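Encoded as structure tokens, the structure appears first; notes follow it.
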Amino acid sequence: MSGVPALAAKGATVVLDGTTLLAPTTFAVPPGEFWCLTGSNGSGKTTLLRAFLGSRRLTDGAVLVRGEAIDMARPRHRRLVASLVEPVPVARDMTLHEQVSMVAASWYGNSTATGERAGEVIGRLGLAGLGERFPSQLSSGQLQLFSLALTLVRPADVVLLDEPERHLDSDRVDLVTELLMERAEQGTSFLVATHESVVVEACDGVMELG
Numbered sequence: 142m143s144g145v146p147a148l149a150a151k152g153a154t155v156v157l158d159g160t161t162l163l164a165p166t167t168f169a170v171p172p173g174e175f176w177c178l179t180g181s182n183g184s185g186k187t188t189l190l191r192a193f194l195g196s197r198r199l200t201d202g203a204v205l206v207r208g209e210a211i212d213m214a215r216p217r218h219r220r221l222v223a224s225l226v227e228p229v230p231v232a233r234d235m236t237l238h239e240q241v242s243m244v245a246a247s248w249y250g251n252s253t254a255t256g257e258r259a260g261e262v263i264g265r266l267g268l269a270g271l272g273e274r275f276p277s278q279l280s281s282g283q284l285q286l287f288s289l290a291l292t293l294v295r296p297a298d299v300v301l302l303d304e305p306e307r308h309l310d311s312d313r314v315d316l317v318t319e320l321l322m323e324r325a326e327q328g329t330s331f332l333v334a335t336h337e338s339v340v341v342e343a344c345d346g347v348m349e350l351g
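The opening residue of the sequence shown carries number 142 in my numbering; numbering runs sequentially from there.
In structure tokens, the structure reads:
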């Protein structure tokens, strides 16, 4: 298994009603590496991420996660891949800490360690002082960090992110980038669609679309 890429696209192509949403694309992300997708708006970055999630059907080619076609109906694949590509559902009447803890507990079980895991992710993303707030009390940047906390608190071998820097100031972009780099060093593979140069400079590899 060590020679199998964490993510691979082999001529992945999406054409819809005569319009090319994703030109033929081929690349591979080794396990434990942090890769970026770059390119202009409309070049297919989000389309490709959705293809890796199985929510966008390819016209031609293939995308593989750990050598397999992804099927999020399979529990093993749901545990394998975490993503922030579409908006994360949030509960209006639960605090940040309660919601992050609930997501952690749904994967790891309800224990003291689960609560600590949630607190660690919240703290690393600079939200420790906001843990008792509700989503409606957050700014757009804080909501983005909250969405990242909900994504990163759960187990995953592969994480797909669409513009994680959205709504963040430069200090918060640095904070998120450092956390992603640390997770990659610990073995998680990342594919991140981004326009942010700081994120791109931190990547192990870059795939430019368009």
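The beta carbon of each residue, even a glycine, is placed where N, CA and C say it ideally should be.
On a predicted model such as this, the values are computed, not experimentally measured, just so you know.
For residue i, write down the residues that DSSP places opposite it in a beta bridge.
i, result
"V170", "L148"
"W176", "L332, G346"
"L225", "L302"
"A214", "None, per the DSSP bridge assignment."
"E209", "V206"
"T161", "V156"
"D201", "T154"
Using C-beta distances below 7 Å, list every residue in its chain close to residue i, excluding the 5 sequence neighbours before and after it, in chain order.
i, result
"D212", "G195, H218"
"D310", "G282"
"V145", "R207, G208"
"R265", "L320"
"I263", "L237, H238, V241, A269, G272, A290"
"V229", "S288, L291, T292"
"L284", "P276"
"L197", "Going by the sequence as given, residue 197 is Arg instead of Leu. V155, T188, R191."
Report back the beta-carbon spacing between residue i and residue j to the nearest angstrom; my notes put them in contact at under 8 Å.
i, j, result
"L321", "G267", "No, L321 and G267 are not in contact; Cβ-Cβ is about 14 Å, not under 8 Å."
"A259", "S247", "Their Cβ separation, rounded to whole angstroms, is 11 Å, which puts A259 and S247 out of contact at 8 Å."
"L332", "V170", "6 Å"
"F175", "L301", "Not really, about 12 Å apart at Cβ, beyond 8 Å."
Using a 10 Å radius around the Cβ and a threshold of 16 neighbouring Cβ atoms, would you call residue i buried or exposed?
i, result
"S280", "exposed"
"P305", "buried"
"L293", "buried"
"V155", "buried"
"A214", "exposed"
"A149", "buried"
"S252", "exposed"
"T167", "exposed"
"T179", "buried"
"R207", "buried"
"E257", "exposed"
"A269", "exposed"
"L291", "buried"
"L289", "buried"
"A254", "exposed"
"A223", "buried"
"A210", "exposed"
Output needed for residue i: all residues of its chain with C-beta closer than 6 Å, excluding positions within five of it in sequence on either side, in chain order.
i, result
"S338", "none"
"Y343", "Checking the displayed sequence, the identity of residue 343 turns out to be Ala instead of Tyr. Excluding positions up to five away in sequence, the list reads T318, M322."
"P172", "A147, S330"
"L205", "A149"
From this set, the options, which residue's C-alpha is nearest residue i's C-alpha?
i, options, result
"D303", "R274, G202, G185, E174", "G185"
"R274", "F287, D345, R265", "F287"
"E326", "E349, V341, A334, D298", "D298"
"D234", "A269, V244, L148, S277", "S277"
"A153", "T161, P146, A203, C177", "A203"
"R220", "R295, V314, R324", "R295"
"D201", "L157, A223, S224", "L157"
"L225", "R191, G250, R198, A245", "R191"
CB-CB under 8 Å to residue i, same chain, minus the five flanking residues each way: which ones, in chain order?
i, result
"V341", "C177, T179, T335, V347"
"L350", "L163, A164, T166, L178, T179, G180, S184, G185, K186, L189"
"T160", "none"
"K151", "T167, G202, A203, V204, L205"
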